[in-house]
Every structure is written in C-alpha cells, then in structure tokens.
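Below is one structure, written out as structure tokens; the observations come after it.
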Amino acid sequence: MSSDIRFTDFKSDKQPTWCPGCGDFGTMNGMMKALAETGNDPDNTFVVAGIGCSGKIGTYMHSYALHGVHGRALPVGTGVKMARPDIEVMVAGGDGDGYSIGAGHFVHAVRRNVDMTYVVMDNRIYGLTKGQASPTSREDFETSTSPEGPKQPPVNPHALALASGATFIAQSFSSDALRHQEIIQEAIEHDGFGFVNVYSPCVTFNDVDTYDYFRDSLVDLKEADHDPTSREDAKDVILDNEKEHQGVIYKDESSVPYHEQHGVDEDMSVIPDGAPEGATDLVREFY
Amino acid sequence: MAADFNWAVGGEAGDGIDSTGKIFAQALSRAGRHVFTSKDFASRIRGGYTAYKVRTSVDKVQSVVDRLDVLIALTPRTIEENLDELHEGSVIIYDGERTTMQDVEIPEGMIGLDVPLKSLAEEAGGAIMRNVVALGAACEVAEFPIENLDSALEKRFKDKGQKLVDNNKEAARAGQSYVADEYDHEFDYDLETTDEDYVLLNGDEAIGMGAIAAGCRFYAGYPITPATDVMTYLTGRIERYGGHVVQAEDELSAINMALGAARGGARAMTATSGPGIDLMTETFGLIATSETPLVICNVMRSGPSTGMPTKQEQGDLNQMLYGGHGEVPRFVLAPTTIDECFWKTVEAFNLAEKYQLPVYLTADLSMAVTEQTFSPETFDMDEVEVDRGNVVDEATIDDHMSESGGFQPHEITDDGISPRAFPGTADGAHMSTGLEHDEQGRRTEDTEMRVAQVDKRNRKVETAREREDWSPREFGDEDADDLVITWGSNEGALAEAVDILDDEGQDVRVLSVPYIFPRPDLSADVEAAETTVVVECNEQGQFADLVEHDVLERVDRVNKYNGVRYKADELAAEIKSTLEAGAEA
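Chains as they are written, first to last, in my numbering: chain A, 1 to 287; chain B, 288 to 872.
Right, here's the structure in full:
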C-alpha cells in the first residue's frame, strides 16, 4: 500500500488559515513528503500537534492525529508510541509550545529517547496571539509585551537537547525545501528521538528573523567540516552564537529507542475479552 | 461475632514498623483468620511516630476500633500515642535494654513485658531481627501457633536465602521462649486458626490488580502519597501481561501520556491524589471533548494544597464532579470496600470505553493503605468481562463515513455513542481535538454543529443512566424510620456501627453509594425517611449537598450554548414559551 502513497495523501481537505507566506506551509510540506518518502501512509501515522499557529498542522494534515493541550504534545506522542510501537509518530509544535510552556516535557522526552520525530516550527515570536516575545526571541526584540526587548537570552534548544542526552539534533529552514525534507526524513529514520528545530518565519509579526535573514546567514553543515557523530563538533556548532546553521548537528548511531530498551513491542490495543491469561497468579501472590 | 484481637507495633519511621506489621498480618491471614490493618504514619522517611495496627477475628472484620490488646512499643512515644486505645490488662512488649526505653513507665493496670529484643536477636544472628523477636513474644502472649509466623517469614525472606529464613524463625522462637520462661501471666487470648484460605491486600493493590485484569496495558504516573502503591504494584507486573509503566516528569505529562496511549487504542490509566488532580484537570476537558476513554484514579488525602498528606479525607468530590472549565461529561465511581476497588476498576474501564469519556475512580487514603483479608474467589478472574464499546474495523468502518469519504469519530447518533477507529485501521485516519469539531473531528464554530456535539456528548450520560446499574448497596434494617447514607471507605466502619446501634436498640437503614455520577436517585428514600444522615470524611458534606440537590424542587431552565450571546427579543420568546410549557404541565 505504502508504495502508492503520495505526499498529497497526507493533506486534509481543510485549507490552511496561516498567513500567506508563512513558513509553516513549507515546514508542513516537507513533513508530508518525508512521511511519504519513508514509506508511511496516513492510516499508520499519528501526528500530535500543540497549540498555536503551528498546532493547526493536525487539521491541515490527514492522518491519525491529536490536537492537544498547549505544551503537552510530547507526552501524548510518548503515550501513542508506547501503546503502538507499530505506528509512526510525529509531534509538531511551535517554539512557545515546546520551549516555554512545554520546556519541562522537552527535556524528559529527549532523555527517554522515544522513537518519534519532533518538529518545532520556530518563528521566534508568538503569532496566534498577535506578536509577543517567545522563548527564542532575541534579547532586544521589541514586541507589545517587551517594548525594549525581553532582556533575557533566548533558549538554545539544541544545547538543551544535547545536555539532556539527545541522540538526534538537527536544524532546518522551511524555505530550503529539499534540505528540510531530507533532514526530516533522516529524523524519521533515526532509531530514537529525532529532534528537528525548523526556522519557519512569521511574515506578519517578526521583521527581524525573516526569510532574507536566514537565507543570508545559514551555514549548511553538510558543506562544512562537521562530523555529526561527534558530540564535540555538535557542541561547537550549538554554542556558536555568531552563526545560524542547518543540517544534522548530532546523531548517535548506537541509539536504542525507549520501547526497545524496555522490551515494549506489542500492539497494546489488542486485548482479550476477559482477564488476561495467568491473571489468577496475581491473586495467589496475596496469600 | 467471635472476640476480636487488636495488636500494634509502633516506633519511629525507619524502625521497620511496616514490614513487621505486615509479617504479623500475613501470619494471621495464613492461619485462616480475618485481618484488617491500619497505619499511623507521617510524611517523612526517618523519625516521627509510626505504627501498624492489626485487628483480627475468625469472623470478617472491616473496620478499626478504639481498642488495643497487645502493643509492641519500640519508643516511649508509641505508648503515649496509644493511651486512649490501651485498656486495663493490655500487654506492652518493649526492650528495657534500649536506652530510650530504660525508664519507660507502664501505665497502671497494664502488663509490661520487658523482653531484651536486641540481645536475643543478636544471639539468633543479627540485631536487625529484633522486631521478629517481638513478634515471637506476641505469639506467646496471644497463644497464636508460631508455625503461622514461620510461614509468613518464609514468604517475606525466601528470596534472600534459607539461612536468613531460619535465623528469623529462631529469633521468633527466642522471643516466644523468653516470655514463656520469664513471665507467669495468664493472658486469656486464644488466637485460634481455621482452614480458610485468605488473601491479604490493600485498596491500591486491588485497583492495580483490577487494572491488569481489565486489560489495562499502559500506566503513566507521578509518585504521590497515597496513590504511589498503585504504580509500584503495576511496575514489574503489568509487563508480564504485555503492558508498561512510565514514571512521568509530572502529572501534566502523566495524564497526557495516558491520553496518547488511549488514542493509540490501549486501555490506559493514571493514578494520583488531590494535588495531582489539580494539574491533570488541565487536560480533562480535552479527554472528554475528544471522547477518549481514560481511567483517572484519585486516591484522596487531606487537603487543601499539601494539607495533611498522610491523613484521611474525602474532600475532592466537588473537584472531580466539576473540575475543569466548560461543561464536560464524566463519570465518577467511588468503590466502598477494598474488594470493590478491584471490581469497580474493571467497571471503570468498561464504562470509559463504552461511553468514550474519562472516568474518575476514587479511593481514599484509609482504603489505599488498609489491608484486608478476602477469600481468593472474591477476585474470580473468570468473572471479569471486557467490553470495548463501539470499535470499528476494516469491515465495519464503511458504515461510518461522511459523504466526502472521511471517517466520523464524532458521528451524531441516537444514543450519543460514536464509532472508534484505532490507528492502523484503513480509512480511519482522523484528528481528535479539544476544539469544538464536526462529526469528522474537524474544527468548527458552526452554531448548529456546536449544539449537536454538546447534546451528543450529554446524551451518552443519559444512555448510560438507562443501560447501566447504578444501585447503591443496602444494609441495616430496611424497615427502619431513619436512613444513613454514605460513600467511599466509610462503609466498613458503618457496617459494624450498625451492629453496635442495633445492640443499643437503634435501628437504621443504610445506603452505601459507590456511584457519584451518574448516581442513583435517592429522593424517594430520603422522602420516606423520618431523618436522613449523610456520613462522609470531610467538613462541608459534599455528598450531602448532592443528596439535597437531588430532592430539591425542580426549576425550569433556559440555556444557550451555541457560542452566541442572548439577544433581547430571542430571550423574551424563550422565557415566554418556557413559562407556557410550565403552565400546561
């Protein structure tokens, strides 16, 4: 079945309400193409979306999906994957969803190394609430709630991931369609937690982190002297505040995903119509 | 009823009080005696007073009482804390060689047995066995055959080697012989044994076992007293049945993981206590609105805020009934006994899946940490039925497609129940969301669809009211003029209280209610009674409020929930037609 799957099969019949030119269009297209290219189809894919402009992705894609509570998409994805190791799980959200209200879950999802892909559509702004500072906004970025800039350093999600023991860390740019799709694909194929931060510009509220800015400043790690299997190389890239990068920053090729470490391999949706075999043993333990 | 015997061991947290008490309870249970245990404990790892109490009889015991016959006191405070329960002739076993116990005063009229617990334990192989020496001494006092203690010691220590088991048996005999040789009292206790087989378990364990029996495969939780035992019970056991436990980073995560697993098609559960319910309430509306079956277990403790974390209270009833913004249907079940914790857990999973909504399963601290004996047939696994409700597969999904060919997980139906498709089901792909949605799960703010979906969700509750049995349990004198109503773990104490009242010439009829929502209509019972008393472990009488609510006069209602405010002319018309309908009725 999957051989006939085209990326448009992952499109729902709802037209996106994102602003014309929004980076999220490109981010989503790359996700759909990567899913199709890796042999998935809508019926064996589960997309978990957060809240915010990015969270609407669950509506615009066609697959099994949950559009959840703000900031809790990663725990939902974890639960889906535990119950259904046979299902491809992709979690998508914004920088506010992932690094502000959901920051605690991000650290622990990384630590668990659950076999799913986490796509963060990072536009460095709160768009849906009409332009407030986000956790990745620049220190001097002026917004309605930070007239002189937030005056606090932006969260460095890659550093947070590396420090939490990530096995796959990547950065892509929604406008570089081919590279974006390639990177998402690699994250899907990774055995473990595939984390991709995507620069997904907001054309309405962010006039600093624009398409032009990223186009001009991005260094592609593929073309640089960078070994993604080296934590040292990864650290250097991640802590380099002078440059913007795209590509796979770090990849642990010996990664063993959570469900394999814990011996979880069954489809938990299949249960008998009575107590499971051997359940009486549980009663005997209480003698 | 045969005479009951009340025993306790007390000391500081860290003295091994829990395991000592558990061994004695196990010995009694294995001897075919009924046991009911309780714990006094503090929220700390070491220090502070803690005690494990055992009430036993050859007849069923289902409550604690204010009486203590034999007390093993490892600290002077243990005696002080129990002065009200000790009585003339009570026996206090202590180690006079222990520095803190050298000057201890045995209250007048009581029998102090000074037994060198530590020295005797050292002779048997190690000071760590001093509590077992005390258990041997207690066996002698109670005339309880020590072989039963051997059996419990074997269960407890067999994984650590036969040598350790033998040492413990020897330590117990040292205590027994010491009392027999050194003291010449007649204690008048005779803990006879029977041929009955009993199992001994607490409420948290019963819930955990019920979950596995019901086919629960996924549990996510965050440790919290007094719900942690559900998680520790499942850990290492649920895996044997193809399941898994995740210790989440917080309760926000725990409930979302459980939600994810449920969307994946697994029977999933989380358990917590009041403070955790506060956090989980964030996700509650999403579970209900996305029509996801989930069992949320709330083992209540004393609140508000951190409150008294190791003390009893039934204060979260309103939280479970009304918590969360907006209006969302939920069920609330409250098992009233430990064995019912097992069966109501099974029922909670069935109700959650049949009606596709969150089910609160609530126990309380008293029930969670109390161990009680039951015949093993009480938990007959052959009686467990699993009903997954309306789940479609590839053969049946075609009946539930929209005109445009999309699966309809929120199909408008007469009984309110829609089809469910698990991931992997061909053509079943759909989104679940906390947004108001149409039949396919797609976001909508259409006023008619909004009303249709709200009504559909509420219709599930009406369907459940009709299809399921929500009866309370009745006991006492059915013809009595006065009615006592209770819920949750008070049932055991109330059952014994009724016997005491009966002896004093006071007849009462009792209704013990395990269903909070939906709940049985008790208005006719209340109206028929001369006086109705509602018993519960809280200050405000939250269940009493519900009972009063149910017997109040009904008012007519005008409601609007399509997302548009009232308009003056529309409102005038609504009120007029409602009044006219009322006048005609």
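Each residue gets a CB set at the ideal place from its N, CA and C atoms; glycine is no exception.
N-terminal and C-terminal residue of the alpha helix (DSSP H) that residue i is part of
{"i": "Glu473/B", "result": "Neither: Glu473/B is in no alpha helix (DSSP H) and is coded neither H nor E."}
{"i": "Cys628/B", "result": "Ile625 to Tyr642"}
{"i": "Gln534/B", "result": "First-last for Gln534/B: His531 to Gln534, but that is the beta strand (DSSP E), not the alpha helix (DSSP H)."}
{"i": "Phe618/B", "result": "Where Phe618/B is concerned, there is no enclosing alpha helix (DSSP H), although the beta strand (DSSP E) it sits in stretches over Phe618 to Leu620."}
{"i": "Leu608/B", "result": "Leu604 to Tyr609"}
{"i": "Ile359/B", "result": "Element bounds for Ile359/B: not the alpha helix (DSSP H) but the beta strand (DSSP E), Leu355 to Ala360."}
{"i": "Asp122/A", "result": "Where Asp122/A is concerned, there is no enclosing alpha helix (DSSP H), although the beta strand (DSSP E) it sits in stretches over Thr117 to Asp122."}
{"i": "Thr280/A", "result": "Thr280 to Arg284"}
Which listed residue (the options) has its alpha carbon closest to that of residue i
{"i": "Ala815/B", "options": "Phe804/B, Cys824/B and Val795/B", "result": "Val795/B"}
{"i": "Arg461/B", "options": "Ala575/B, Phe709/B and Val402/B", "result": "Sequence check: residue 461/B is Ala here, not Arg. Here the closest residue by C-alpha is Val402/B."}
{"i": "Thr593/B", "options": "Gly572/B, Ser560/B and Glu409/B", "result": "Ser560/B"}
{"i": "Glu260/A", "options": "Arg84/A, Gln246/A, Lys222/A and Tyr250/A", "result": "Arg84/A"}
{"i": "Tyr199/A", "options": "Phe173/A, Gln152/A and Val208/A", "result": "Phe173/A"}
{"i": "Glu538/B", "options": "Gln740/B, Thr515/B, Glu483/B and Met388/B", "result": "Thr515/B"}
{"i": "Gly297/B", "options": "Asn369/B, Gln313/B and Glu765/B", "result": "Asn369/B"}
{"i": "Ala161/A", "options": "Ala133/A, Arg112/A, Glu189/A and Lys130/A", "result": "Arg112/A"}
{"i": "Met567/B", "options": "Ile542/B, Ala548/B, Gly547/B and Met556/B", "result": "Ile542/B"}
{"i": "Leu638/B", "options": "Ala318/B, Ala501/B and Thr324/B", "result": "Ala501/B"}
{"i": "Leu361/B", "options": "Arg504/B, Asp789/B, Phe762/B and Tyr339/B", "result": "Tyr339/B"}
{"i": "Gly775/B", "options": "Asp786/B, Asp766/B, Gln599/B and Asp667/B", "result": "Gln599/B"}
{"i": "Cys503/B", "options": "Val351/B, Ile574/B, Val673/B and Asn585/B", "result": "Val673/B"}
{"i": "Gln659/B", "options": "Gly334/B, Val357/B, Ser344/B and Gly301/B", "result": "Ser344/B"}
{"i": "Ser719/B", "options": "Val69/A, Leu35/A and Ser54/A", "result": "Val69/A"}
{"i": "Glu410/B", "options": "Ile393/B, Val466/B and Ala458/B", "result": "Ala458/B"}
{"i": "Ser134/A", "options": "Thr143/A, Arg124/A, Gln181/A and Ala166/A", "result": "Arg124/A"}
{"i": "Pro759/B", "options": "Ile787/B, Leu798/B and Asp766/B", "result": "Leu798/B"}
Bounding residues of the beta strand (DSSP E) (the contiguous stretch that carries residue i)
{"i": "Ile772/B", "result": "Leu770 to Trp774"}
{"i": "Phe323/B", "result": "His321 to Asp327"}
{"i": "Phe292/B", "result": "Phe292 to Glu299"}
{"i": "Thr337/B", "result": "Tyr336 to Ser344"}
{"i": "Phe830/B", "result": "Where Phe830/B is concerned, there is no enclosing beta strand (DSSP E), although the alpha helix (DSSP H) it sits in stretches over Gln829 to Val838."}
{"i": "Asn197/A", "result": "Gly194 to Tyr199"}
{"i": "Thr512/B", "result": "Unbroken run through Thr512/B: none, as it is neither H nor E."}
Residues that residue i bridges to, as DSSP identifies them
{"i": "Ser689/B", "result": "Partner(s): none; Ser689/B has no beta bridge."}
{"i": "Leu581/B", "result": "Pro645/B"}
{"i": "Lys251/A", "result": "Phe168/A"}
{"i": "Phe762/B", "result": "Val797/B"}
{"i": "Glu487/B", "result": "In the sequence on display, residue 487/B carries Leu and not Glu. Leu487/B pairs with Thr660/B."}
{"i": "Cys22/A", "result": "None, per the DSSP bridge assignment."}
{"i": "Trp757/B", "result": "BP columns for Trp757/B are empty, so no partner."}
{"i": "Cys503/B", "result": "Arg554/B"}
{"i": "Ile398/B", "result": "Val378/B"}
{"i": "Ala650/B", "result": "Val586/B"}
{"i": "Lys11/A", "result": "Met61/A"}
{"i": "Ser540/B", "result": "DSSP lists no partner for Ser540/B."}
{"i": "Val842/B", "result": "Partner(s): none; Val842/B has no beta bridge."}
{"i": "Leu218/A", "result": "Glu244/A"}
{"i": "Thr143/A", "result": "Ser146/A"}
{"i": "Leu440/B", "result": "Paired residues: none, contrary to the question."}
Neighbourhood of residue i by C-beta, 7 angstroms cutoff - its chain only, sequence neighbours within 5 removed
{"i": "Val619/B", "result": "Met607, Leu608, Tyr647, Thr649, Ile803 and Phe804"}
{"i": "Asn455/B", "result": "Met416, Val419, Leu440 and Phe444"}
{"i": "Ser63/A", "result": "Phe10, Pro42, Thr45, Phe46 and Val47"}
{"i": "Ala870/B", "result": "none"}
Cβ-based neighbour list, residue i, same chain, cut-off 8 angstroms, excluding 5 preceding and 5 following
{"i": "Asp612/B", "result": "As written in the sequence, residue 612/B is His, which differs from the Asp given in the question. Cβ neighbours of His612/B beyond the five flanking positions: Gly572."}
{"i": "Tyr470/B", "result": "Leu400"}
{"i": "Ala290/B", "result": "Ser344"}
Other residues of its chain near residue i: CB distance less than 6 angstroms, five sequence neighbours each side excluded
{"i": "Ser175/A", "result": "Gly26 and Tyr211"}
{"i": "Gly413/B", "result": "none"}
{"i": "Pro622/B", "result": "Cys628, Lys631 and Pro801"}
{"i": "Gly77/A", "result": "Val48, Val89, Val91 and Met116"}
{"i": "Met28/A", "result": "Ile57"}
{"i": "Gln827/B", "result": "none"}
{"i": "Ala558/B", "result": "Gly508, Ala514, Val517 and Cys584"}
Ranges of the beta strand (DSSP E) found wholly within the stretch 552-582 of chain B, counting only runs of at least 3: 554-559
Runs of beta strand (DSSP E) lying entirely within the stretch 653-719 of chain B, each at least 3 residues, in chain order: 658-661
Contained beta strand (DSSP E) runs [length at least 3] in the stretch 41-107 of chain A, N- to C-terminal order: 45-49, 64-67 and 88-94
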